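Quick note on the numbering used here: the sequence shown kicks off at 1418 and runs consecutively.
Cβ atoms here follow ideal geometry from the backbone N, Cα and C, with glycine treated the same way.
As the structure is a prediction and not an experimental result, all values here were calculated from the model.
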Amino acid sequence: MIITAVSFIFMGVLLFLAGALVSEISGRLFGARLESFDSFIMAGIVLSTVYAEIFSLFSGVSACALAILAIVCLVTGLVLRKQIAGRIRAFAAGDGRYHFILLLILIAVVASIASLEPMDYDTYLYHGQAIKWIENYGSVKGLANLHPRFGYNSAYMCFQALFSFSFLGRSLHHSNGFIVLFMLFYALSDNFIIAKRKPDTTDLLKASMIFYVIYTLDSISSSGTDIFPMLALLYIFSKWIGVYKSGSEDKAAQYGLLCMLSVFCVTVKLSIAPVILLSVLPVVLLARKKELKKLWGFVITAVFIGLPYLIRNIILSGYLLYPMEKFDLLNVDWKVPAERAFTDRIEIEMYAKGLIGFELKSYPIRVWVQSWYRELLLVPRILLFVSGVLIAYFLIKLLSVLAVSFGKKNSGHSVSGNRELADERMFISGVALVSYIYWFLMAPNMRYGIVNLLLISSLVIGFYFNARSMRAFMVFLLVCDLMVFSEKADIVKTQTNLIYPEDYRRFECVETWYNTPKGNRVTVYVPAEGDQSGVDVFPEAPVADPEHEMLRGESLKDGFMPIPQ
């Protein structure tokens, strides 16, 4: 636990300094510097992750990568010491004592949970080993041939490899714990539960963050890739509303920065791709003001964020977006066969829709929705019903506004004064609705999709209902918190070490061999039974199939390729 707590402090300082560098660059390029403490940390997460992705294109992400980042952050701290000191003083000047006590409590609680043995099934299916590949070799050509899940590229895995401290002898699994610590501090740092008599929409989103943390309590100690993008989705909308309410004259630039975070989040989790639609608003605002320099600056920044992710996709699987086999733009020797990518994609969709044991193909919604619903637990069912009713309310309101606007247009009246139609609330809620529909139709897994239910519910209630309704919704979420926590209460009883976090589980494994072009053999391990593996043995995959794939060169870093059949 102590090691985990110390790592949280180290990561916090490093990411804050990295965020200060981003703020300075942003101020020079876009005239918009980061203002809040949380914005510095979030910007640091983005910068360090993109850096780790780029580093992985050339080498393993371990001690050298972290040392270079630390030196850059140290130099940043020295050069910008006055600005950084000013930000820290401004943050501490308000509720400094409360923030200190809150942070102390959160570090103790979250470090205890993050130090538990990783519990997620997928951590032992592929997350742990995928991170080990990044630590040791970086981006490996055709790695998805060894195991399709290794092709599920998430930028967040590079972040985890960067801060796993594997060079100390073992890979730590505290990254999700740090994200939870950061997001809880953001949600609770303004006293919204204790002091506010009139909650607003951002408070509902922060309450939703707390619910999601409790909902994923047993995943905090694991190496999954869901927690960050789901909490970041709520964070983006929360900050967006803050800009919208502030009435800032330069809100287009502030929105643009949030859109850069949106682009980054998509590189972490493709299932939240609709959040990119938020970028429509700053593009329109900047175009109207003819601030083309800023607009192109944001476009270049988005490319800088997204390009390493796309390159890693191509290296790992041969596809621009794996396992979407239709994005087949390149002819490289390590490309996963299209039929295998198709099978992998359909399997994931069917699993998310509860179609286990069905023939591998796409099914209409009428076939899978009932089996999917039967698998839901009580709280997700309740939230699904509540969000469905609120979506219906929003659609009725939207249609009524459109009808009024259309009527005015036909009667010759100007619609420029129709404030409600032009209101950004409609736009924000519409993007959240598209995200909800996209999740539901593509892969409606509640592990991450429950955030879409919370998001649309919070926005509709916050935008179109009164303060009393918002308080009622917060009480409702508190009840849901208690219901979910009661199901996970055994975590509190789980024992952990005082100094070191619990290690990954260990599984018995056996050796298998892959042939090289020169006829040599390289060892790859597989589980003796089942499909799970720890990180104590490397490399390991759930299944080995030397008859269908082989090494591209004489070592593992050369990657894998399918054998022509």
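Burial state of Tyr1603 (16 or more Cβ within 10 Å): buried
With a threshold of 16 other CB atoms inside 10 Å of the CB of Phe1721, please say whether the residue is buried or exposed. exposed
Label Asp1620 either buried or exposed according to how many other C-beta atoms from any shown protein chain fall within 10 Å of its C-beta, with 16 as the threshold for buried. buried
When Gly1976, Leu1687, Ile1873 are compared against Val1753, the one with the closest alpha-carbon: Gly1976
May I ask you to report which of helix, strand or coil DSSP gives Trp2025? Only positions 1418 to 1982 of the chain appear in this structure, which leaves residue 2025 out of reach.
Start-end ranges of the beta strand (DSSP E) lying completely within the stretch 1446-1521, minimum 3 residues: none
When you compare only the Cα positions, how much space is there between Tyr1853 and Leu1872? 9 Å
Where does Val1821 fall in DSSP's three states? helix
Between which two residues does the beta strand (DSSP E) containing Phe1955 stretch? It is not in any beta strand (DSSP E) - Phe1955 carries neither H nor E in the DSSP assignment.
Measure the Cβ-Cβ separation of Leu1695 and Val1848 and say whether it is below 9 Å. yes
With 16 other Cβ atoms within 10 Å as the buried cut-off, status of His1590: buried
Leu1491 burial status per 10 Å Cβ neighbour count (16 or more: buried): exposed
Please name the residue in Ser1440, Phe1475, Ala1510 whose C-alpha comes closest to that of Val1463. Ser1440
From which residue to which residue does the beta strand (DSSP E) around Pro1979 run? 1977-1979
Can you tell me whether DSSP reads Thr1619 as helix, strand or coil? helix
Could you spell out where the alpha helix (DSSP H) holding Thr1684 opens and where it closes? 1668-1685
Between Ser1440 and the ligand NAD, is there a pair consisting of the residue's CB and a ligand heavy atom that are separated by less than 8 Å? For the ligand NAD, the structure offers nothing, since it holds no ligand at all.
Taking Phe1844 as the reference, which of Met1887, Pro1981, Leu1698 has the closest Cα? Leu1698
Could you check how far apart the C-beta atoms of Val1597 and Val1557 are, in whole angstroms? I think they sit under 8 Å. Rounded, the Cβ-Cβ distance is 30 Å, inconsistent with contact.
Coarse secondary structure for Val1423, derived from DSSP in three states: helix
Nearest CA to the CA of Leu1812: which residue from Val1716, Leu1746, Ser1874? Ser1874
If you check the beta carbons only, do Pro1986 and Tyr1942 fall under 9 Å apart? Residue numbering for the chain in the displayed model covers 1418 to 1982; residue 1986 lies beyond these limits and cannot be assessed.
Under a three-way DSSP split, which group does Pro1699 fall into? helix
State buried or exposed for Gly1936, treating a residue as buried only when at least 16 other CB atoms are found within 10 Å of its CB. exposed
By alpha-carbon positions, which one of Ala1469, Leu1915, Leu1648 ends up nearest to Ala1578? Ala1469
Which residue comes first and which comes last in the alpha helix (DSSP H) that contains Tyr1790? 1782-1791
Answer with yes or no whether the minimum CB distance from Arg1587 to chain D is below 9 Å. In the structure shown, chain D does not exist; there is a single protein chain.
At which residues does the alpha helix (DSSP H) containing Met1967 begin and terminate? Counting along the chain, Met1967 falls outside any alpha helix (DSSP H), though it belongs to the beta strand (DSSP E) covering 1966-1968.
On a Cα-Cα basis, can you pick out the residue from Thr1633, Lys1711, Ala1649, Ala1547 that is closest to Ala1531? Thr1633
Ala1906 and Leu1733: beta carbons closer than 9 Å? no
What does DSSP give as the partner residue(s) for Tyr1942 in the beta ladder? Glu1928, Glu1957
If Phe1880 sits next to Ser1846, beta carbons under 8 Å apart, how far is it from one beta carbon to the other, in whole angstroms? 6 Å
Test item: CB-CB of Asp1761 and Pro1565 under 9 Å: yes
Going by beta carbon distance, what residues of the same chain come within less than 8 Å of Ile1808, once the five residues before and after it are set aside? Leu1850, Tyr1853, Ile1873, Val1877
Which two residues bound the contiguous alpha helix (DSSP H) that contains Glu1904? 1884-1904
Locate the alpha helix (DSSP H) running through Lys1770, then write down its first and last residues. It is not in any alpha helix (DSSP H) - Lys1770 carries neither H nor E in the DSSP assignment.
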